[in-house]
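Quick notes on the structure that follows.
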Amino acid sequence: MKGVILTINPSATIVDISHDIAPENIRQAAFVLASAVEYFPTTAIHVVVVDPGVGSARRPIAIRAGESSFVGPDNGVLSQVIRDMPSTSGGHIRAVHLNKPEYWLPHVSNTFHGRDIFAPCAAHLSLGVPIEALGESVQDLIQFPTQQAARWVQDEIVGMVIHIDRFGNVVTNIGEELFQERDRAQIVVQARGAKVRGIKNAYAAVERGQLLALIGSNGRLELAIREGSAAVRLGMSEGDTVHVSLDID
Amino acid sequence: MKGVILTINPSATIVDISHDIAPENIRQAAFVLASAVEYFPTTAIHVVVVDPGVGSARRPIAIRAGESSFVGPDNGVLSQVIRDMPSTSGGHIRAVHLNKPEYWLPHVSNTFHGRDIFAPCAAHLSLGVPIEALGESVQDLIQFPTQQAARWVQDEIVGMVIHIDRFGNVVTNIGEELFQERDRAQIVVQARGAKVRGIKNAYAAVERGQLLALIGSNGRLELAIREGSAAVRLGMSEGDTVHVSLDID
Amino acid sequence: MKGVILTINPSATIVDISHDIAPENIRQAAFVLASAVEYFPTTAIHVVVVDPGVGSARRPIAIRAGESSFVGPDNGVLSQVIRDMPSTSGGHIRAVHLNKPEYWLPHVSNTFHGRDIFAPCAAHLSLGVPIEALGESVQDLIQFPTQQAARWVQDEIVGMVIHIDRFGNVVTNIGEELFQERDRAQIVVQARGAKVRGIKNAYAAVERGQLLALIGSNGRLELAIREGSAAVRLGMSEGDTVHVSLDID
Chain A
1 MKGVILTINP SATIVDISHD IAPENIRQAA FVLASAVEYF PTTAIHVVVV
51 DPGVGSARRP IAIRAGESSF VGPDNGVLSQ VIRDMPSTSG GHIRAVHLNK
101 PEYWLPHVSN TFHGRDIFAP CAAHLSLGVP IEALGESVQD LIQFPTQQAA
151 RWVQDEIVGM VIHIDRFGNV VTNIGEELFQ ERDRAQIVVQ ARGAKVRGIK
201 NAYAAVERGQ LLALIGSNGR LELAIREGSA AVRLGMSEGD TVHVSLDID
Chain B
1001 MKGVILTINP SATIVDISHD IAPENIRQAA FVLASAVEYF PTTAIHVVVV
1051 DPGVGSARRP IAIRAGESSF VGPDNGVLSQ VIRDMPSTSG GHIRAVHLNK
1101 PEYWLPHVSN TFHGRDIFAP CAAHLSLGVP IEALGESVQD LIQFPTQQAA
1151 RWVQDEIVGM VIHIDRFGNV VTNIGEELFQ ERDRAQIVVQ ARGAKVRGIK
1201 NAYAAVERGQ LLALIGSNGR LELAIREGSA AVRLGMSEGD TVHVSLDID
Chain C
2001 MKGVILTINP SATIVDISHD IAPENIRQAA FVLASAVEYF PTTAIHVVVV
2051 DPGVGSARRP IAIRAGESSF VGPDNGVLSQ VIRDMPSTSG GHIRAVHLNK
2101 PEYWLPHVSN TFHGRDIFAP CAAHLSLGVP IEALGESVQD LIQFPTQQAA
2151 RWVQDEIVGM VIHIDRFGNV VTNIGEELFQ ERDRAQIVVQ ARGAKVRGIK
2201 NAYAAVERGQ LLALIGSNGR LELAIREGSA AVRLGMSEGD TVHVSLDID
């Protein structure tokens, strides 16, 4: 893909976000992308190739939101970013179906559209080709069912694990805004039989090997073990439930 | 190596093709290189450091074919590319033995010629140094025994596995041109006791977890499992035999 | 981090040195950094994010030595480079505590200072901001206890393993200068019950699968198995002892 991009635009700057997405894991890819986008230049073109449906009827698409662009399969992997877009782009979003072969490689395989369609289209975008030239406008993009936002119900939150990072930290869908009017020392987090009291400020707030809850670098509640793997110790994986409650004793 | 290249040519654009070649696996490196070259700019300089014989009598070499250059050990890793070159370069190939120390790092180790010889020579090439300046011309490059091209014998092909990719797809030496005048629905592919009928167009043509045969992104017959690993399920690895026959019932 | 850097300095050239440091392994990171620095342009800015104490009282720091800069946590990871600096920089070293938030990202997490502090400070350095602007001068940087340099005591060296590379080669703290006035054929290296005679020039000096001692690409005595893993075969890891003696029979 990098060779294809540099053949079309030799002065492109290419950055790898991750090569550690589990095969076919569209939700994980969506999470990692959404976590990275805000830290990139607003004019960046983001290309995603987690594409288990390559060769099927799923459409190759490009999306423009404000100055940013996104290129990838229409399989939901861009849905979290799309959902977050209005706030950053003023709601002005255009999406097209990449159906103009003149912007693809001459020979398109059925198994690697990242190389044959996404990369050349992204390279043409980087040269200033308007997104409308790459294909027909579409309105009906695939989106994951909007994930129920975690929230307080009386004095309890029932959240879920949405990501395990490479250190084994267990990231939840529970955002830090839910704790703004609470005393963090009174929060109790429970998962898989384990229970920790208090939300700490940093891994270093506990001893090595000790389990803690904290707000991770994505602004979400996270279970972690200092210099260890919470996912391994607790046997947790994506989709598992995490309970938050208050202990006011 | 990147530091060495950028010290000599600060405006070089450097792209990693793969860090996943199994240690010492020259054939796998040759396959991955040959699969990538056609997608890079024609003026690219390709450097290969799969070099189990570093420090022995094996020569460091550079090859120029058309506008493209290749730098690496003379151990056969460049042989597949060399074999494919005439068609793209008009047959005009020059090879030199990298034996001019003025283009190397001042201190050359016996264990890492990638850093000490290949990287600086490649950087000098990128600055316009002619390949002839880097060493004496050589004609007797090491080549792997030319692999018997797979072909139809009566109504059967006996092919072999030449690569397992990181998804566990099993790539063979059977090129798609062998199926141009055949009915793909009638093709039967057998390997390790498994049998699939028909060559599909894409992974998505079958259900999740189902085995299929298709033409992969390298234009070769491939055994795959949708969202799974065919190599693990079938217990296959490089060098294994794959049978293709016709079922005209 | 790359997005942050390119947002501040779009023309920065970014090179990854390693993503294979074991989690929290500060000493391994220090070794890999010290091995790489001399091969980079002298004006390079090196950023290190092996930072188990992120969020604690450990300071974020930047160091200038000659034309080179280093940005990372004050946890000792830069200590080996610092110790090696006087020879290359004429002893002129300045260190600052990164405590000027105007050079950070607007929102700083407690868990990822690499992204929120180190990357933006490094990017500002690359634009010519003087290191003194980034924070107050510090003199009391954390350093590992200076490792006892390996040396001959009578006719014996007692050294230790400081690194296992990804091929399983066992790298020691025994520098090649210790063998300059010795007959390398008479050297005997012993570790974990294994014994090899002679220091070879290259992996290729022995048959496949055979254990050897040689001077590795870092200029240090190394135990290796040609096309195999010495660390696995001998069961060795960092901190293990290696004995060198003479056999003058």
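Chains as they are written, first to last, in my numbering: chain A, 1 to 249; chain B, 1001 to 1249; chain C, 2001 to 2249.
Virtual Cβ for every residue (Gly too), placed ideally from N, Cα, C.
- The three-state reading of DSSP puts residue 2031 of chain C in helix, counting H, G and I together.
- Rounded to the nearest angstrom, the gap between the Cα atoms of residue 2017 of chain C and residue 2031 of chain C is 12 Å.
- Within the same chain, 5, 45, 47 and 71 come within 7 Å of residue 122 of chain A by CB-CB distance, once the 5 residues on both sides are set aside.
- Nearest Cα to residue 1245 of chain B within the set B:1227, B:1185 and B:1234: B:1185.
- Listed in chain order, the beta strand (DSSP E) elements of length 3 or more contained wholly in the segment 139-172 of chain A are 156-164.
- With its beta carbon less than 8 Å from one in chain B, residue 112 of chain A belongs to the interface.
- Taking a C-beta distance under 8 Å as the contact criterion, residue 171 of chain A and residue 219 of chain A do not qualify as a contact pair.
- For residue 2040 of chain C, the closest Cβ of chain B is nearer than 8 Å.
- Using a CB distance cut-off of 8 Å, residue 2055 of chain C counts as an interface residue toward chain A.
- Nearest Cα to residue 157 of chain A within the set A:22, A:175 and A:163: A:175.
- In the three-state DSSP reduction, residue 2078 of chain C falls in the coil class, being neither helix nor strand.
- For the pair residue 230 of chain A and residue 2053 of chain C, the CB atoms are not nearer than the 8 Å cut-off.
- At the C-beta level, residue 2082 of chain C and residue 2125 of chain C stay beyond 8 Å of one another.
- Counting C-beta atoms within 10 angstroms of its own C-beta, residue 1133 of chain B has fewer than 16 neighbours from the protein chains shown and is therefore classed as exposed.
- What residue 1081 of chain B touches in chain A, judged by beta-carbon distance under 9 Å, is nothing: the nearest beta carbon there is about 14 Å away.
- Given a length threshold of 3 residues, each whole run of the beta strand (DSSP E) inside the segment 185-235 of chain A is given here in chain order: 187-191, 194-197, 211-215 and 220-225.
- When 9 Å is used as the limit between beta carbons, residue 214 of chain A is near these residues of chain C: 2055, 2110 and 2111, in chain order.
- The C-beta distance from residue 2097 of chain C to residue 2138 of chain C rounds to 5 Å, short enough to meet the 8 Å contact threshold.
- The three-state secondary structure of residue 1124 of chain B, taken from DSSP, is helix.
- Considering only A:159, A:226 and A:143, the residue with the shortest C-alpha distance to residue 2056 of chain C is A:226.
- Contact note: residue 35 of chain A does not reach chain C at a C-beta cutoff of 9 Å; the least C-beta distance is about 10 Å.
- For the pair residue 1022 of chain B and residue 2063 of chain C, the Cα-to-Cα distance works out to about 38 Å.
- Taking 8 Å as the threshold, the shortest C-beta distance from residue 209 of chain A to chain B does not fall below it.
- Under a 10 Å Cβ-count criterion, residue 67 of chain A is classified as exposed, with fewer than 16 other Cβ atoms of the shown protein chains found around its own Cβ.
- In this structure, DSSP gives residue 1101 of chain B a helical state, which the three-state scheme calls helix.
- Interface with chain C (8 Å Cβ-Cβ cutoff): residue 1106 of chain B is excluded.
- For residue 247 of chain A, the closest of A:127, A:95 and A:199 by C-alpha to C-alpha distance is A:199.
- At the C-beta level, residue 1211 of chain B and residue 1196 of chain B come within 8 Å of one another.
- Proximity of residue 217 of chain A to chain C, defined by a Cβ-Cβ separation below 8 Å, is satisfied.
- Sequence-ordered contacts of the segment 2145-2175 of chain C with chain B read 2166, 2167, 2168 and 2169 [C-beta pairs closer than 9 Å].
- Selection C:2007, C:2223, C:2101 and C:2192 evaluated against residue 38 of chain A yields C:2007 as nearest (Cα-Cα).
- Contact check for residue 2168 of chain C against residue 2108 of chain C fails: the beta carbons are separated by 8 Å or more.
- Note that the C-beta distance between residue 228 of chain A and residue 209 of chain A is below 8 Å.
- For residue 1006 of chain B, the uninterrupted alpha helix (DSSP H) run begins and ends at 1002-1008, by DSSP.
- At a C-beta separation below 8 Å, residue 1013 of chain B has these neighbours in chain A: 6 and 10.
- Under a 10 Å Cβ-count criterion, residue 1165 of chain B is classified as buried, with 16 or more other Cβ atoms of the shown protein chains found around its own Cβ.
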